[in-house]
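Going left to right, the sequence shown walks through residues 8 to 214 as my numbering numbers them.
The structure under discussion appears below in the form of structure tokens.
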Amino acid sequence: MPVLDVDTPQGLARAHLHPVAAPVAALVLGHGAGGAVSAPDLVAATAAARAAGLAVVLVEQPYRVAGRRSAPAAPRLDEAWLAVLAALGAGPLAGLGIVVGGRSSGARVACRTAQAAGARAVLCLAFPLLPPRRAGSASPPVSRLAELEAAGVPVLVVQGERDRFGMPPEGPGRTVVTVRGDHGLKGDLPAVGAAVAAWLPGVVGAA
8 MPVLDVDTPQ GLARAHLHPV AAPVAALVLG HGAGGAVSAP DLVAATAAAR AAGLAVVLVE
68 QPYRVAGRRS APAAPRLDEA WLAVLAALGA GPLAGLGIVV GGRSSGARVA CRTAQAAGAR
128 AVLCLAFPLL PPRRAGSASP PVSRLAELEA AGVPVLVVQG ERDRFGMPPE GPGRTVVTVR
188 GDHGLKGDLP AVGAAVAAWL PGVVGAA
């Protein structure tokens, strides 16, 4: 598949393009904090979206392109992500409606930037609702539900029933589908793909 390198204020990002003939819209997905765009759930979502007529782009953040595993602060992730979306919108995805998303950290980025990106909807794979509890800390972890609620567009969360980072609740405009497995979403990849395939037509107008 074609690869597009994108200069961002945070360094070089990389967009892996998965085109389709006559796309009805596009789905742009980001990876987890220490993961890659080859994560099984991202692959499953890509296949489901392409089968539904969407072009798909999997985005590597600059820190991963540079070979680092530790993610930078949220504002830097968001800035790089928006720069990639702008480049895609002016290039290979020009004229297409955009659904954004990602797995884990990538889902958080997509939610935080959905309004700025003009996204139609957000796909969250394994949204990390609660951060890991710090050793020796007596304080409960702070929920990231506000990030989901700030998306301001329809949201689908596909979550493993044993996800150690918690289970997001459903809410206005937010659908939560629970599948077998944990945070890696490897326990039932067909169910991940089926959830994505069932949801996408309703948010891109391709039903």
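The C-beta atom is built at its ideal place from N, Cα and C for all residues, glycine as well.
At the C-beta level, R127 and V91 stay beyond 8 Å of one another.
Between R115 and E67, the C-beta spacing is not below 8 Å. Rounded to whole angstroms, the Cβ separation of V64 and V27 is 12 Å, and the two are not in contact under 8 Å. Pairing A204 with P30, the inter-Cα distance amounts to about 15 Å. Runs of the alpha helix (DSSP H) spanning 4 or more residues and lying entirely within the stretch 60-116 occur at 69-72, 81-97, in chain order. DSSP, read as helix, strand or coil, puts G178 in strand. Contact check for V72 against L19 passes: the beta carbons are separated by less than 8 Å.
Put simply, the backbone Cα of G96 is about 25 Å away from that of G180. The stretch 164-174 and the stretch 183-195 touch, with no fewer than 3 CB-CB distances between them shorter than 8 Å.
Less than 8 Å divides the Cβ of R110 from the Cβ of L49. Taking 8 Å as the upper bound for CB-CB distance, H25 and R57 are in contact here, some 6 Å apart.
Of the candidates S45, A54, V211, P99, the residue whose Cα lies closest to the Cα of V129 is V211.
By the C-beta density criterion, E177 is exposed, having fewer than 16 other C-beta atoms within 10 angstroms. Rounded to the nearest whole angstrom, the CA to CA distance from A123 to E86 is 11 Å.
Here S45 is exposed, its C-beta having fewer than 16 other C-beta atoms within 10 Å.
A straight line joining the alpha-carbon of A202 with that of A52 spans about 9 Å. Taking the Cα positions, P147 is about 39 Å away from D14.
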